[in-house]
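First residue of the sequence shown? That's 60 in the numbering used here, and the numbers climb one at a time after it.
The beta-carbon is built from N, C-alpha and C at its ideal position, and this holds for glycine as well.
Nothing here was measured: the structure is a model prediction, and the numbers come from that model.
Taking it in order: structure first as structure tokens, then the write-up.
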Amino acid sequence: MRLFQYLLLLTLLYSCGRHKGKTADLIIHNATVYTMTDSDQKIEAIAIKDGKIIEIGAERQILNKYSADEYIDAQKRDVYPGLIDAHGHILNYARLKLSVDLVGCKSYDQMLVRIEKYQGKHNRPFIIGRGWDQSIWGENELPNNKKLNELFPDIPVCLFRVDGHALLANDKLIETSNLYERFESDPELNQGGYIVYDNEQQPTGVFVDNAMQPILDILPDFPEADLMREILEIQGELFSYGITGVHEAGVTAKEVRLIEKLIEKDQLSLNIYAMLLPTQENIDFAKKNGVYSNKNLLIRSFKVYGDGALGSRGACLKKEYHDHPGHFGYLTTSLDRMRMIAELCETIGYQMNTHAIGDSANKTVLDIYAGIHTINPDHRWRIEHAQVVDPADQLLFAKYRIFPSVQPTHATSDQRWAEKRLGKDRMKGAYAYRSLLDQFGMIALGTDFPVEYPDPFRTIHAAVERTDIEGYPGGGFYPSEKLTLEECMKGMTIWAALAAFQENELGTIEVGKDATLVIFDKPLRSNVEFQPNFARTTIIKGKKVYSVE
Ligand SMILES: [Zn+2]
């Protein structure tokens with residue numbers, strides 16, 4: 060008997076010792092793990108080695124089997140795959156931070172005060188501001204530049220609307236850009252955009268979509284060092300929310316080089332899925348390189364602007380604007396050009412991601428994609444925003460396997476005026492995220508920052524409750540379009556990964572995938588009342604990139 064016990068003890072010791080012999084770099088334990096897979100197995104611990112998840116399971120199972128260099132006791136907190144913002148603009152956000160920040164200005168006068176303050180501090184030879192939104196001032200109509208001219212007669216001033224689809228220029232800037240002369244000599248320049256006139260047929264200084272081009276052509280950029288500093292600061296902000304990846308919705312070749320410089324210096328570890336703007340330089344790049352990756356940067360798509368935005372009446376609608384008879388909006392890229400880019404994408408194995416806001420633009424883009432679908436069934440081409448889709452066209456997303464990529468906070472921000480633009484009838488197909496999800500079975504979620512805040516908890520609130528953070532409107536804005544919390548989290552993890560061909564590395568907590576995770580401070584729930592939250596620890600490929608401890 061005694062011998063038997065001795066042998067048993069020996070066996071136990073041996074097996075424990077042998078199992079404990081397995082090593083990991085990091086173990087996260089005592090956690091409530093949401094794997095974002097369909098498995099309902101209870102996961103409490105994750106073993107990580109060489110940047111990958113090597114095992115997941117119950118607390119004892121992992122702790123008994125591995126010894127690790129580092130342990131994180133999650134204290135029962137929620138652990139999710141690192142969040143992905145499927146549509147953001149890091150570069151524009153960096154520029155916003157270097158410009159006069161006009162986001163949230165409650166009046167035209169407040170905007171002027173901010174510009175004066177900024178100019179008093181920076182004394183720039185060319186003032187750029189970003190983020191005004193006349194709907195917050197209680198104005199349905201776009202502003203004019205009279206007061207701006209009085210205040211700044213000698214310095215060019217360029218103020219972008221929050222959606223980036225319109226700008227307010229002072230007369231000095233209009234003069235400097237030779238805008239009217241350029242339109243006279245090249246009438247095509249004004250297609251896919253418009254100049255805003257007042258009731259006396261005087262130009263207001265507001266230019267929308269393609270009509271901004273002469274000004275954009277002379278707009279100075281900020282010094283590279285300043286942009287780089289801001290990008291890193293933004294990265295820190297994103298990490299603090301648990302965001303580990305961004306689908307950067309439209310970059311120039313110069314911006315790609317800037318991102319790569321930061322990656323080469325090991326300063327930028329955020330996963331960036333960059334969509335190329337279809338400039339000639341980018342087209343040449345794509346033809347030469349095909350699918351391109353450099354560490355945490357992946358390039359295999361083009362971002363095309365199908366139409367403008369609803370707020371500035373550039374969205375292309377099937378029927379006239381409810382608050383602007385005779386005006387339908389427009390396509391900002393011609394049909395021929397969109398088809399040319401689609402064919403290029405098909406040839407080189409790229410994805411095409413087209414901005415489409417209005418129901419006409421959505422139908423046009425769906426039709427273009429439909430022609431390509433028959434050739435390659437797994438193209439995963441996307442429509443960015445899919446904001447107003449005729450209910451009769453929604454089934455085309457399913458039929459042609461087209462990914463809707465939407466921003467739930469747009470619904471709760473635009474609710475103040477969307478119906479004014481569209482009228483009651485068309486609202487049925489507006490911000491219809493539930494309907495789109497039911498069609499395609501997946502939906503990628505983003506914020507379009509800096510148009511909206513990058514805060515994913517606002518996205519959760521907007522998607523699940525369909526109210527703004529003040530809880531307006533009670534019961535939710537078109538509540539039948541609510542998503543569940545789980546669907547919302549999939550939209551920011553696995554579905555977003557699938558929308559970027561990254562599902563083998565990202566999007567779920569599974570063995571073999573990147574150890575790219577977030578431990579949230581508070582449990583992830585949605586409530587009628589908005590609940591701010593943040594990450595306690597954010598991990599990319601097994602490395603802590605952010606921690607409050
Ligand atoms: Zn965008």
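Give the range of the alpha helix (DSSP H) segment to which residue i is assigned.
i    : result
S299 : E283 to S299
Y167 : Y167 to H181
K205 : K205 to L210
G482 : A477 to R485
R517 : P515 to E524
E379 : Premise fails: E379 is in no alpha helix (DSSP H) and is neither H nor E.
N123 : E118 to K124
R460 : Neither: R460 is in no alpha helix (DSSP H) and is coded neither H nor E.
L544 : L544 to G550
A555 : I553 to L557
R493 : Y492 to F499
I277 : Q272 to I277
I need the DSSP call for residue i, collapsed to helix, strand or coil.
i    : result
S74  : For S74, the predicted structure reports a pLDDT of 48, less than 50, and the residue's modelled location is therefore unreliable. A value from the coordinates is still provided. Of the three classes helix, strand and coil, the one that applies to S74 here is helix, per DSSP.
N435 : coil
N341 : helix
V159 : strand
E405 : helix
E314 : helix
V465 : strand
R372 : coil
P184 : coil
I400 : helix
T235 : helix
A133 : coil
G535 : coil
G617 : Absent from the model: residue 617. The displayed extent of the chain is 60 to 608, so no value can be given.
S393 : coil
N249 : helix
N151 : helix
K602 : strand
D573 : strand
M60  : Bear in mind that the predicted position of M60 carries a pLDDT of just 44, short of 50, making it unreliable; the figure below should be weighed with that in mind. M60 falls in the coil class under three-state DSSP.
L69  : The predicted model places L69 with a pLDDT of 49, which falls under 50 and marks its position as unreliable; any figure quoted below should be read in that light. Helix, per DSSP.
L504 : strand
A451 : coil
G190 : strand
D611 : Outside the modelled stretch of the chain, which goes from 60 to 608, sits residue 611, for which no answer is possible.
I322 : helix
K347 : helix
E562 : coil
If you follow the beta strand (DSSP E) that residue i is part of, which residue opens it and which one closes it?
i    : result
M411 : Q410 to A415
M334 : N330 to L335
R595 : A594 to I599
T303 : I302 to V310
F242 : Segment L238 to S244 is the alpha helix (DSSP H) holding F242; no beta strand (DSSP E) there.
I358 : L356 to Y364
I578 : L576 to F579
S352 : Y351 to N353
Contact check, residue i vs residue j under 8 Å by CB: the rounded distance?
i    : j    : result
S236 : I274 : 5 Å
W191 : V172 : About 13 Å separates the two Cβ atoms, so there is no contact after all.
L504 : T518 : 6 Å
D257 : N203 : 6 Å
M609 : I578 : The structure shown does not extend to residue 609, since the chain is modelled only from 60 through 608, so no value can be given for it.
A445 : P467 : Contact doesn't hold; Cβ gap of about 12 Å is too wide.
S360 : N421 : Their Cβ separation, rounded to whole angstroms, is 18 Å, which puts S360 and N421 out of contact at 8 Å.
Kindly identify the DSSP beta-bridge partner or partners of residue i.
i    : result
E114 : A106
I143 : G304
V424 : Its beta-bridge partners do not exist; DSSP assigns none.
I442 : T413 and P463
A228 : C217
W196 : In DSSP, W196 forms no bridge with anything.
H88  : D132
I254 : F266
T82  : S126
A489 : V447
V138 : V92 and I578
- prompt: Around ligand 1, which residues pass a check of Cβ closer than 5 Å to any of its heavy atoms?
  reply: Going by the Cβ distance cut-off, the answer is A308 and D507.
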